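Number of protein chains: 4
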Amino acid sequence: MGDAVLAGNKVIITVAINGGMQQDRDGAVIPKQPAEIGEAAARCHEAGAAMIHVHARDRQGKNSGDRGIYSEIIREIRARSPILIQTTNGIGVRRDPATGQFIWPTDKERLGLLDLEPQQDLFGIAGGSADFYNPEGGYPEEVPYVNSPALLKQTIKAVYEKGSALEYEVTEASALHRLLRYANEGLFDRDRDNMWLLHGGGFGATPPIARNVLFAIDEGLRLFPKAIWGVTATGRDMFKIVTLGLSLGCDLVRVGFEDGIHLPDGRVARDNSDMVRAAAAVAAIYGLKPATVAEARARFRI
Amino acid sequence: MGDAVLAGNKVIITVAINGGMQQDRDGAVIPKQPAEIGEAAARCHEAGAAMIHVHARDRQGKNSGDRGIYSEIIREIRARSPILIQTTNGIGVRRDPATGQFIWPTDKERLGLLDLEPQQDLFGIAGGSADFYNPEGGYPEEVPYVNSPALLKQTIKAVYEKGSALEYEVTEASALHRLLRYANEGLFDRDRDNMWLLHGGGFGATPPIARNVLFAIDEGLRLFPKAIWGVTATGRDMFKIVTLGLSLGCDLVRVGFEDGIHLPDGRVARDNSDMVRAAAAVAAIYGLKPATVAEARARFRI
Amino acid sequence: MGDAVLAGNKVIITVAINGGMQQDRDGAVIPKQPAEIGEAAARCHEAGAAMIHVHARDRQGKNSGDRGIYSEIIREIRARSPILIQTTNGIGVRRDPATGQFIWPTDKERLGLLDLEPQQDLFGIAGGSADFYNPEGGYPEEVPYVNSPALLKQTIKAVYEKGSALEYEVTEASALHRLLRYANEGLFDRDRDNMWLLHGGGFGATPPIARNVLFAIDEGLRLFPKAIWGVTATGRDMFKIVTLGLSLGCDLVRVGFEDGIHLPDGRVARDNSDMVRAAAAVAAIYGLKPATVAEARARFRI
Amino acid sequence: MGDAVLAGNKVIITVAINGGMQQDRDGAVIPKQPAEIGEAAARCHEAGAAMIHVHARDRQGKNSGDRGIYSEIIREIRARSPILIQTTNGIGVRRDPATGQFIWPTDKERLGLLDLEPQQDLFGIAGGSADFYNPEGGYPEEVPYVNSPALLKQTIKAVYEKGSALEYEVTEASALHRLLRYANEGLFDRDRDNMWLLHGGGFGATPPIARNVLFAIDEGLRLFPKAIWGVTATGRDMFKIVTLGLSLGCDLVRVGFEDGIHLPDGRVARDNSDMVRAAAAVAAIYGLKPATVAEARARFRI
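This is the structure in structure tokens:
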């Protein structure tokens, strides 16, 4: 919505390359180790992505909140390309090897990712609690995904103190009202010029349905008219929602193997960079080119 | 919407008289002990309510899942009036006396309420996890409120096996998609003739805003066109949302001290029956009369 | 939406007392002659209306664009009450006595109403062409209702030159985009502080359905965020839509025998003032009082 | 949406090659004479179109309702390819050579197109009156475009009696409610298996905006869930709306020089077949192939 930096018909493409738990499947290869991630990031940058959204894995490929691994990942990425690096404190869920039950990381572990060395460029956070459901992403059952007000508030404060930008993952329109309340409480300026909303279909109970994502987008534009706003979705309908966002003039789209592995035509992508290229192809129909890293930096004020 | 039983311009008024945690405030007196509840129920029935939604308290007035107390409550209510009795497995939250932290009842404790003796008439359940926020209802801070799929599924199965009706509390439109998924999985018939949705504004992060409640109502009518549907809201805006629902032809409205204490004109009600009378007065503006217990029974097929 | 003048929980009630063609029916008596109109206006003012929307009739009660009759009407109203007077250049349709076909007034006749003596206070205009359909309002068949760009543009220019306010009757969301185009062409300032939109359900093909009126309301708020906005609807659902508008925080509601004769409870009103009282009663539920003439004048900057 | 015939990932591409008034411009050459039209149709068929939507012109290239010319056009098309032929009784507007004013064809002239010899395959009709505005299509000023109920009703009746399919051009969501009313009056079966809706952005006052077209699409799916539905738009945004439709699973897209001359990348197409190829390329992104004439015939039940 009219921002000087992105006015030149640009859209920021973000690639969420791995997620916390997703495994190789149907031919899609998930980057898990730091060097693999660094190489994947470079290929995605080459294909048009200005930002990578990344989760760490341990040596067995399991979800990890280990800050050392995160540091290694950041170094591997930066060694190969200037792509912006975003982490999220939605580390992802694990299974207890004994019981098979899901275990969620503690708030302490999650907040630990705010202090990496070297530092990531951008941060992400879920907009509140929900029932997480993403069968195509490796979460076959619905699980309550708790994001406490304490976690949210500490993250918001920390990220804005660092001078970075924070992505609020909006899987329900209600999350926007929570953010408005936090803004009214003084936690942040609702008109700050790098407020960032990511509207996602198919992360909670709501399937990636145009009507529902549009409702959240419109609520977002109404409550935070200056926000940078993006769209994504899980599963086979990812590009349906990405297209919807582009048709409505979004600033950013997110694709990648964390959320889905299918290209718009239903084929399985082999590499995350295939997803980036597909996003760029749809963006071209809307007269949009991928924003460069420099353009994305300017828009995020970092 | 057209249902023979309620076609004669009737609306079911439900009164949620106490909630699990709400305390006396500003002149509003919350019924807590079984005999008080029985008397309050009779007054509400006299005022036009066909159903009471009730939570148990211990002798100190604190939230309780004790089945003995529930039994006593049911007996006290039935001794005084034929009003329908509904419990919910959203027992409500407690505070740990040592730490002051919120403690939520376990699924086991919550499921226990499905087997009371004598049996309640109707059942309620939240439609999924959310961040509960109801400062006017005695919950000053937002707290994650987890309703696991296991809890939901067991409740749905148990209630329908009993031949009763189950109210799904919809605080987010996404809950409707979860229910649709459960129906598609065979857990219940989406066309069953006593499917029951309660749309509530102001229970989670979403404030009681007409646009948002309307979106959920519309999604509900689209996904479950045969459902009995009702509306409510928390806090001072309760009657704004109740009135919107009545103007749109809802089947049921819920008022009462669990959700708010203010009458349409802003005054604090002294007794739950004041809320019922106010609901009946607003209903009359739209040509609707309170459904009798017999009419409500017929509509719920119990 | 927040406007200092109306911030004190006020809503402007307008009463469209007769329309161009509506006849007495089912007990509702339509004021037609100037003195009758003057008396009806006074009763409506007494009941809470700050504005009357009026059409002239000839001595036989037939639709008329006669400026002399309009002058007489204005004098009769002003002799009895300070209520604001609005005319519209939607004079209304007539029947050819020979053929029974509908005849629409010419643009010349319609524009004539811009220069009455004494002058009316406020003006109204349809937002574009549509198929008019209002079986309960005396138009049993759908008829194309042409409002040419020339008519619209001349009216906009003339009214704003007079320093008055112009109501745009929005029966389709598309009309808002036409107005935006006119604003972009320099015909008026889209941020002018007395821009006035009236959203109506049931005037064209769209029945008075909440979803559709809400879509237009939201488009209006998006395109003209500073506008004074009101709601109305034709037929038995008038108060359903009026309630919707009040629940969403509208500035103005319009009721009256031009659009419908049924009170919220389905009874037929005898007098337009019954409709005004019913609107005030619903407004009270939303904590709103009828704006006085002085408050309405301040809001319309006249 | 699920229809057996088109389930195999097919989309019907229709090409509106000329319109009633559009002239050659910016390098785009509009086919006007019967032989030119026949050749253009063959090229479009070759490129993937299953249907041509065509208007007749006189020898000077001016809009014409002459049935002889239409017959010649149909013969010229059929001599070269099996592409389906659709006419519309929206013949288009002309200019009075004396006054320069627009003149619209009479209902009689428009209804004449229902009886051509040889007969066209399919028919189209506007869904009601609107203010037509298409500056890029050769209509520089907005003009009221009247489609009377009599014209609509006679057309519906005649087309369904012929056993053909009728496209309703929906430029406003309200048109859908008119159609629903006609269905309720018995004019047609709302569940007929070749009910056909074309959602168009930018034909009336509404610009080709995703939110508005989506609203109409959603209303269409809600009111006529079995309909064949397509999308199009006028001007430079044609492919933005076409792409949105494809991403959402539409059954049909319409492109061509009647509505716009720009390809997705902003270049001007030289030939209508360039537009068809572009539509097929966008469809391929979503895994869709152009339906053959035989597949389209099966879907339209002709």
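Chains as they are written, first to last, in our numbering: chain A, 248 to 549; chain B, 248 to 549; chain C, 248 to 549; chain D, 248 to 549.
By construction, the Cβ of each residue, glycine as well, lies at the ideal position given by its N, Cα and C atoms.
Just so we're clear, the structure is a prediction, and the values are computed from it rather than from any experiment.
With a cutoff of 7 Å on beta-carbon distance, leucine 495 of chain D and alanine 457 of chain A are scored as near each other.
Interface residue (Cβ-Cβ distance to chain A less than 7 Å): aspartate 378 of chain B is classified as such.
The beta carbon of serine 520 of chain D sits closer than 6 Å to the beta carbons of Arg290, Cys291, Ala294 from its chain, once the five residues preceding and following it are set aside; these are given in chain order. Legend: CB atoms of the region 416-446 of chain D lying less than 7 Å from CB atoms of chain C belong to residues Glu419, Ala420, Ser421, Ala422, His424, Arg425. Here proline 281 of chain B is not near alanine 287 of chain B, since their CB atoms are 7 Å or more apart. Sorting C:Ala420, C:Gly448, C:Ala412, C:Glu416 by C-alpha distance to the C-alpha of alanine 543 of chain C places C:Ala412 at the top.
Counting only runs that start and end inside the region 313-393 of chain D, the beta strand (DSSP E) elements of at least 3 residues fall at 331-335, 369-373, 377-381, 386-392. For the pair glycine 312 of chain A and serine 376 of chain B, the Cα-to-Cα distance works out to about 25 Å. Annotation: alanine 326 of chain B to glycine 503 of chain B spans about 21 Å, alpha carbon to alpha carbon. Rounded to whole angstroms, the separation of the alpha carbons of lysine 400 of chain A and alanine 430 of chain A is 11 Å. Of all residues in the region 444-472 of chain B, only Gly451, Ala452, Thr453, Pro454, Asn459, Phe462 come within less than 7 Å of chain A when Cβ atoms are compared, listed by chain position.
Cβ contact annotation for phenylalanine 379 of chain C (same chain, cutoff 8 Å, sequence separation greater than five): Val340, Tyr386, Glu389, Val390, Pro391, Tyr392, Phe450, Gly451, in chain order. For isoleucine 488 of chain C, the enclosing alpha helix (DSSP H) covers residues 485-494.
One finds nothing in chain B with a Cβ atom closer than 8 Å to the Cβ of valine 502 of chain A; even the nearest lies about 22 Å away. Pairing glycine 266 of chain D with glutamate 505 of chain D gives a Cβ-Cβ distance under 7 Å.
Secondary structure note for histidine 424 of chain B: its alpha helix (DSSP H) is the uninterrupted segment 421-431. The Cβ atoms of valine 515 of chain D and alanine 296 of chain D do not sit closer than 7 Å to each other. Residue-level contact check: glycine 513 of chain A does not touch chain B, since none of the beta carbons of chain B fall below 7 Å from its beta carbon. For threonine 481 of chain D, no CB of chain A lies under 7 Å from its own CB, so it is not counted at the interface with that chain. At least 7 Å separates the CB of valine 489 of chain D from every CB of chain C. In this structure, the straight-line span from the alpha carbon of leucine 363 of chain D to that of glycine 371 of chain D is close to 14 Å. With contacts defined as CB atoms closer than 7 Å, isoleucine 488 of chain D and glycine 513 of chain D fail to qualify as a contacting pair.
Counting only residues of its own chain and dropping the five nearest sequence neighbours on each side, isoleucine 264 of chain A has a CB closer than 8 Å to the CB of Ile277, Pro278, Ile284, Ala287, Ala288, Cys291, Ile299, His300, Val301, Gly503, Phe504, Glu505, Asn519. Under the three-state reduction of DSSP, proline 396 of chain C is assigned to helix. By DSSP's assignment, lysine 257 of chain B forms a beta bridge with B:Lys536. Across the structure, asparagine 381 of chain B and proline 454 of chain B are spaced so that their CA atoms are roughly 9 Å apart.
Annotation for glutamine 269 of chain B: Ile277, Gly384, Gly385, Phe504, Glu505 place their beta carbon closer than 7 Å to its own, counting only its chain and skipping 5 residues before and after. Listed along chain D are Ser376, Pro391, Val393, each with a C-beta nearer than 8 Å to that of valine 393 of chain C. Interface annotation for the region 513-544 of chain C against chain B: Gly513, Ala528, Val529, Ala531, Ile532, Tyr533, Gly534, criterion Cβ-Cβ distance under 7 Å. If you draw a straight line from the Cα of alanine 525 of chain B to the Cα of proline 511 of chain B, it comes to about 7 Å. When only Cα atoms are considered, phenylalanine 462 of chain B and alanine 420 of chain B end up about 7 Å apart.
In the structure shown, the three-state DSSP call for alanine 452 of chain C is coil. Residues Gly371, Glu414, Tyr415, Glu416, Val417, Trp476, Gly477, Val478, Thr479, Leu499, Arg501 of the same chain have their beta carbon placed closer than 8 Å to that of leucine 445 of chain B, with the five preceding and five following residues left out of the count. Across the structure, glycine 467 of chain D and isoleucine 508 of chain D are spaced so that their CA atoms are roughly 27 Å apart. Residues of chain C with a Cβ closer than 9 Å to the Cβ of glutamate 388 of chain D are, in chain order, Pro396. In the three-state DSSP reduction, serine 311 of chain C falls in the strand class (E or B).
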